[in-house]
Amino acid sequence: MSSDVVVPYVDPERRLRRQRRGRRNSLVASASTILFFGVATAVITSTAGWPVVQEAFFSPEYFALAWPSVLEALLINVKIFVAAEVFILILGMLLALTRLSKAPALMPLRIVGTVYTDVFRGTPTLLVVLLLGFGVPALNLQGVPTDPLVWGTVALVLSYTAYVAEVFRSGIASIHPSQRAAARSLGLTGLQTNRYVVLPQAVRRVIPPLLNDFVSLQKDTALVSVLGPIEALRAAQIIVYGKFNYTPYIVAALLFIALTIPLARFTDWLTARQERERSMGTR
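Numbering that gives the first Met the number 0 applies: residue 0 is where the sequence shown begins, and numbers increase by one.
In C-alpha cells, the structure reads:
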C-alpha cells in the first residue's frame with residue numbers, strides 16, 4: 000500500500016500575487032484606520048467645548064482618585080455575574096427541556112414555562128430588579144433574606160433564564176429528528192438520547208449566542224446599584240456626587256469594557272470556527 004501523500008499543486012506566480020494583494024490590503028486598511036481616527040480626534044479636540052468636556056470626563060486627577068475604589072467595587076459585579084451565570088445555565092436548560100417535552104403529565108409545567116418566558120422576556124430587567132429588590136424585603140417574610148444584593152442577583156437570574164432557555168430550546172429543536180431515531184434504534188431510552196446524542200450537539204451550536212447573552216449579563220450587573228450595594232457603578236456615582244466630576248463614570252466604563260471584550264472576542268472566534276467547520280463539511 001502506498002503511503003505517498005498527494006500535495007495539490009499551487010502556481011508560484013498565483014501565490015506571489017496573492018501575497019502581494021494581502022500586503023497591499025493590509026497597508027490600505029492600516030492607513031485608512033489611522034486616517035479615520037486621526038481626523039475624528041482632530042475634529043473632536045478642535046471644538047469649542049472640548050476643554051470643558053476634557054476636564055469633566057477625562058481628568059487625570061479624578062481618574063487616579065476613582066480607580067482604586069471602583070476597581071475594588073467591581074469585584075461585587077464579578078461575584079454577581081458568576082453566581083447568576085451558574086443558576087441561569089441550569090434553570091435555562093431545565094426550562095427548555097420542559098417546554099420541549101411531549102409528556103402529557105408535564106402539560107401544566109409547559110404552560111407555566113411558557114407564561115414565565117413570555118413575562119420575563121417582556122419585562123425590562125431594571126423593573127424586575129426594582130420589584131424584587133424593594134418588594135420582597137418589604138414583605139418581612141420569616142426566614143427570607145432581605146439583602147438587596149441577593150434579590151438583585153435573583154432578579155438577573157429570573158430575567159436571563161427566560162432568554163437562555165429560548166437559546167437552548169432553539170438549539171435542541173435544530174437537531175434533526177433522524178438523530179433521535181438513530182439513537183432509539185440503538186436501544187437508547189429517551190433520557191439517554193437527550194443526554195448522549197441531542198444535548199451535546201445542541202450545546203455546541205448555541206455556545207456563541209449563549210456567550211452573547213453573558214456579555215449582556217456582565218453589563219447588567221450594574222443594574223443592582225439601584226438597590227444600594229456599592230458595586231462599580233455605585234462607587235463611581237459616590238465620587239461623582241462628591242466631586243462634581245464625571246471621570247469616575249469613564250473609569251467604570253473602561254473596567255466593564257475590559258471584562259466584556261475578551262468574552263466578546265472569544266465569541267467571535269467560536270462563531271468563525273463553526274462557520275469554517277460548516278463550510279468544510281459542505282464541500
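Here a beta-carbon is modelled for each residue, glycine too, at the ideal position from N, C-alpha and C.
All values derive from a computational prediction rather than experimental measurement.
Taking the C-alpha atoms as reference points, what is the distance between residue i and residue j?
i    : j    : result
T270 : A181 : 28 Å
A95  : Q236 : 39 Å
H175 : L90  : 24 Å
F86  : A30  : 47 Å
I43  : W49  : 7 Å
F119 : L157 : 7 Å
G189 : A201 : 16 Å
Y248 : I256 : 12 Å
V127 : T152 : 11 Å
P59  : A251 : 14 Å
Q178 : V205 : 17 Å
A39  : V196 : 52 Å
A221 : T113 : 28 Å
R109 : I260 : 37 Å
A263 : A104 : 41 Å
Let me know the secondary structure DSSP gives residue i once reduced to three states.
i    : result
Q191 : helix
E230 : coil
M0   : For M0, the predicted structure reports a pLDDT of 45, less than 50, and the residue's modelled location is therefore unreliable. A value from the coordinates is still provided. Here M0 sits in coil by DSSP.
N139 : coil
G37  : helix
I174 : coil
L269 : helix
F57  : coil
A251 : helix
T46  : coil
Excluding the five sequence neighbours on either side, which residues of its own chain have a C-beta within less than 7 Å of the C-beta of residue i, listed in chain order?
i    : result
L258 : Q217
In chain order, what residues of the same chain have a beta carbon less than 8 Å from the beta carbon of residue i, not counting five sequence neighbours either side?
i    : result
L99  : R168, I171 and A172
R233 : A72, S224 and G227
E84  : F213 and L216
For residue i, count neighbouring Cβ atoms within 10 angstroms of its own Cβ and tell me buried if that reaches 16, exposed if not.
i    : result
A137 : exposed
W268 : exposed
D219 : buried
L74  : exposed
M92  : buried
V27  : exposed
A102 : exposed
I79  : buried
P11  : exposed
Give me, in chain order, the residues of the same chain whose beta-carbon lies closer than 6 Å to that of residue i; leave out the 5 immediate sequence neighbours on both sides.
i    : result
D146 : none
### Task
Determine, using beta-carbon pairs with one atom in the region 59-71 and one in the region 240-247, whether at least three such pairs fall under 8 Å.
Enough Cβ pairs lie closer than 8 Å, so yes.
#### Entry: the region 155-163 in contact with the region 200-220 per 3-pair CB rule at 8 Å
Touching, yes.
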